[in-house]
Structures are given as structure tokens and as C-alpha cells.
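Numbering-wise, the numbering used here comes out as the position in the sequence shown, counting from 1, plus 4.
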Amino acid sequence: MRSWMAILIMVWLTLVQGVFVAVNATFDYKDALTKSLIFLEAQRSGKLPPNHRPQWRGDSGLDDGKLANVDLAGGYYDAGDNVKYGLPMAFTVTTLAWSALAYHKELHATGELPHVRSAIKWGTDYFLKASSRKNRLYVQVGDPVLDHQCWVRPENMRTPRTVLKIDENDPGTEIAAETSAAMAASSIVFRHTNRTYSRRLLNKAKLLFEFAKTHKKTFDGECPFYCSYSGYNLYFEGVKDLESYKKDADSFICSVLPDSPYHQVYISPGGMINLRDGANTQYVTSTAFLFSVYSDILAKHGQKVQCGNQEFDSARLMAFAKQQIDYLLGSNPEKRSYMVGFGQNPPVQAHHRGASVPVMSTNTIVNCGTSFANWFNKDAPNPHELTGAFVGGPDRFDNFVDKRWDSSKTEPCTYVNSISVGVLAKLATPGRV
């Protein structure tokens, strides 16, 4: 998926410097957008600001980086645990920045642009800390094995906050390049509102990109948690071969659309694309966003996608993007929302430590041995609503069970939400669809 996404990013940057559940359903997309961003606030680590909206969250990870004599407080927990992974965090920020650039007017119209900028800056502030020394990038805080042995809120965690880094002796091209992309894209977002900060991000992005190009090696320190794609062999030089990227982007569209003669991606009986039974909503929101962006590109340049003897225009692509988002918001066989706190019968047992454990004094020491019996295995709604989180979602047959212990279906991730922001903003803006 990320290889296709890289192709569409390149096309976009260059050009702009079925038989399923009914697709004409409509939802309060503005509310979904607002709540999607609130979820990202619930994932924040570090010293929280006074205007932090999820009131049940508190400061956490304030000593992160101490074991390496560096300040790594801040950033995001990517999912339902308390580890900070550099790759998904960078991808989250990249897609937020892309949304802020592609749908600036829509986000402004909805009043959510300041929240998007705040979400981006929470990540880039952390990246500046993590890349404070040349050719060194801190890419993980926390031990995932030990962390997964304790079901505890981040405010009360006592598990070791071990630190992993990449440098000249132990490179990690993918993470360095993705972090560079996050900071470069974010520098454009802040170009007209905070020029000093924008230049700082761009300068750091250049250094990280040079590091990524010069020291090529796949970093496996985050395995087996984030190892699905190695992309440093994808090298883009200017616009010398733009047409080939257009063809590849069209090929992706043709492989996904269910009425295309070249359709390859599995579509559930209820109309959801499915690449795997487990955290599948990441593919749903990312595909919806890509279709939305490419729809805009096609409309702007008066082009269509040719799939064999069939043509698909921008309206068809946007209709498919809308149908995928609508599926997640409630237009599905289960007749339920897969966004916490939104719509009809939303999930109440999100696989998430912070939301599922009651607030307690930060001095409270949690017994890891009993934490799973006390909270993880408790068959009851979470004490705190993880507002706006898209959970992992149903299986390939549209079946879903809302149980905390089934992480494949109920665990949220920041990058599932971040890449939904742009398309939700477009859907929320009258006259754009």
C-alpha cells in the first residue's frame, strides 16, 4: 500500500506544487472529522497542554530518553500500547501534512485547520528532539515485549523506557526517509504561519534525507511490529518519468475499483476493501484518501482513468472514496459505526490501555500480573470513551465482535485516523463532492 501511496504523492506534488450497501448514505462528516482529531490528542505523550480535550489523559513519558541522556518527551503512542515507534509516527505526521496541504480550504471551512496544525506540530516538535544530532535519529522509546506484559495507563507505566536509534553504524533508511518526508511536508504547512519553524523543519528534513540516501540499510529494530514494507529502492528524480507514475497510479485505481475489468482487491459482501483480517481499516481510510486526492487531480486536468475498455472519471473515484468512509461510519451490514463515539452502536471496548483503565494517582504502582484480569479481560465498556478512534474493523465477511482482547478488530492506530482527515474534510464541505 505504501508503494502505491508514494507514487500518488509524487504525482500530486508534481501536478499541484457496486452491488454493495447503498453509497448514497450521508453522515455528519464534520463531527467525524472533529472526533478523528480528538483521538490523536488522546495518543499524545509528554506534557499535555491546558487545552487538551480528552480530560481523562494526563502527562506521561516525561523522562523518555533519560536512559540515553536525551530529551525524548512528547510525540505519539501509535496504538493501544505505550511504546513510541518512529516509523508510524512519521507516517502519521506525513499524512496529516498532506491533508493540510491538499485540503487546506476545506479544513479552514470546517474550523479544524488549527487542530490539524497542532497535531502536526506535536509530532514535528518530537522529531526535532529525536534528530538533534547529525546522522542520528532516535526511532523508538519503550520495550514492546515488556510493555505488552502489562496492561497499564501510560500515566502509570513503570516498564523500561529503552531507546533505539539509527546512525551511520546502524542505519535505517525507511525511517530516516519517512521522518524527512514528515518534516519536509510539515515545513510547507507552516511556511506562511511560522516561517522560522518552517525553515528549521526543512533544514532538518534535508539532513535526514541525505542521511537516508547515504547510509542505506533496512532497520529491523521495530520488527516484528512494523516491517511490512521496505521502500528505499524507490528513488524519484525530478519529473523525468512522470508519465510512468501516472500509469502506475491508474493501475492502482483499476486494481481496486470493483467494476474495473482489472479488479484484484477483495471487496467484502458489504462493500469494504479487505487486504487482511486484522487492522484492515488502515487500508480503507488510506484508499479512500488516495481516491479522493486522485479524483481532484483528474478533475483539475480533465483526465480519466482508463481500465481496459472502461473509463472512470473523477466522480466515480470520489463516489468510491465516499462509500468506503460511509462503510466505516455505519453504512455496512452490521449497521454500526467503527468510529468510537460516533454514530449508531459504535465500539465501546477499544483495545487501548489508557481508555480501558480507570484514572488513578500517578504514584500508584500497578501490579502487571493482575492488570489483565482487572481491565484487559473485563467484558464491559471502557471507563473512558476513546472519542474518534477508528478501530481495526470487521473481517472479510463483514463480521465484527466488540471485544477488547481481539486487538485485530478493536485496536486503533494513529495513521488510520490521520489519513482519514483529508477525505473527511472534503466530505464535510458542501459543494465539494
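Yeah, the Cβ is synthetic: ideal placement off N, Cα and C, and Gly gets one too.
Keep in mind it's a predicted model, so treat the numbers as computed, not measured.
- Taking a 10 Å sphere around the C-beta of Met161, we find 16 or more other C-beta atoms and assign the residue as buried.
- When the beta-carbon positions are compared, Glu159 and Ser248 stay at least 7 Å from each other.
- Across the set Phe194, Tyr142 and His355, the C-alpha of Phe194 shows the shortest separation from the C-alpha of Ala101.
- Met364 counts as exposed, since fewer than 16 other beta carbons sit within 10 angstroms of its beta carbon.
- Of the candidates Glu172, Tyr107 and Leu76, Leu76 places its Cα closest to the Cα of Gly127.
- Looking at Gly115, Val361, Cys372 and Lys51, the one whose alpha-carbon comes closest to that of His388 is Val361.
- By the C-beta criterion, the segment 391-402 is judged not to be in contact with the segment 372-380, since fewer than 3 inter-stretch pairs fall below 8 Å.
- Here the alpha carbons of Asn367 and Leu111 stand approximately 40 Å from one another.
- Of the other Cβ atoms in all chains shown, 16 or more fall within 10 Å of the Cβ of Asp85; this residue is therefore buried.
- Runs of the alpha helix (DSSP H) spanning 4 or more residues and lying entirely within the segment 292-355 occur at 318-333, in chain order.
- Two segments are said to touch when three or more pairs of C-beta atoms, one from each, lie closer than 8 Å; by this definition the segment 102-122 does not touch the segment 136-152.
- The three-state reading of DSSP puts Ser411 in helix, counting H, G and I together.
- Setting aside the 5 residues that flank it on each side, Arg400 is surrounded in the same chain by Tyr270, Ser272, Asn278 and Asp281, each with a C-beta closer than 7 Å to its C-beta; the list follows chain order.
- With contacts defined as CB atoms closer than 7 Å, Pro416 and Ala354 qualify as a contacting pair.
- Looking at the DSSP output, Gly50 sits in a beta bridge with Ser64.
- Contact annotation: Asp151 and Thr163 have beta-carbon atoms nearer than 7 Å.
- Judged by DSSP in its simplified three-state form, Gln144 adopts strand.
- Measuring C-alpha to C-alpha distances from Glu172 to each of Pro350, Asn421 and Thr218 identifies Thr218 as the nearest.
- Spanning the alpha carbons of Met322 and Ile257 requires a straight line of approximately 12 Å.
- When only Cα atoms are considered, His356 and Lys133 end up about 26 Å apart.
- Residue range Leu117 to Ala134 is occupied by the alpha helix (DSSP H) that includes Lys125.
- Between Glu182 and Ala94, the gap from beta carbon to beta carbon is short of 7 Å.
- In the three-state DSSP reduction, Leu100 falls in the helix class (H, G or I).
- Distance from Phe404 to Lys39 at the Cβ level is roughly 19 Å; contact not present, criterion being Cβ atoms closer than 8 Å.
- One alpha carbon belongs to Asn198, the other to Ile124, and they sit about 13 Å apart.
- Secondary structure at Asp252: helix, using DSSP grouped into helix, strand and coil.
- Sixteen is the threshold: since fewer than 16 other Cβ atoms of the shown chains lie within 10 Å of the Cβ of Leu66, the residue is exposed.
- Spatial neighbours of Lys208 in its own chain (CB-CB distance under 7 Å, excluding positions within 5 residues in sequence) are listed in chain order as Leu132, Ser135 and Met187.
- Sorting Tyr287, Gly274 and Lys251 by C-alpha distance to the C-alpha of Gln310 places Lys251 at the top.
- Val167 has Val145 as its beta-bridge partners, per DSSP.
- With 16 or more other CB atoms across the displayed protein chains lying within 10 angstroms of its CB, Gln328 is buried.
- Residue range Val425 to Ala432 is occupied by the alpha helix (DSSP H) that includes Val425.
- Burial is judged here by how many other beta carbons sit within 10 angstroms of a residue's own beta carbon; Gly312 has fewer than 16 and is exposed.
- A residue is called buried when at least 16 other Cβ atoms come within 10 angstroms of its Cβ; Asp32 does not meet this threshold and is exposed.
- Where Thr418 is concerned, the enclosing alpha helix (DSSP H) starts and stops at Thr418 to Ser422.
- Within the same chain, Cβ atoms closer than 7 Å to the Cβ of Gln153 are found at Cys372, the five residues on either side in sequence being excluded.
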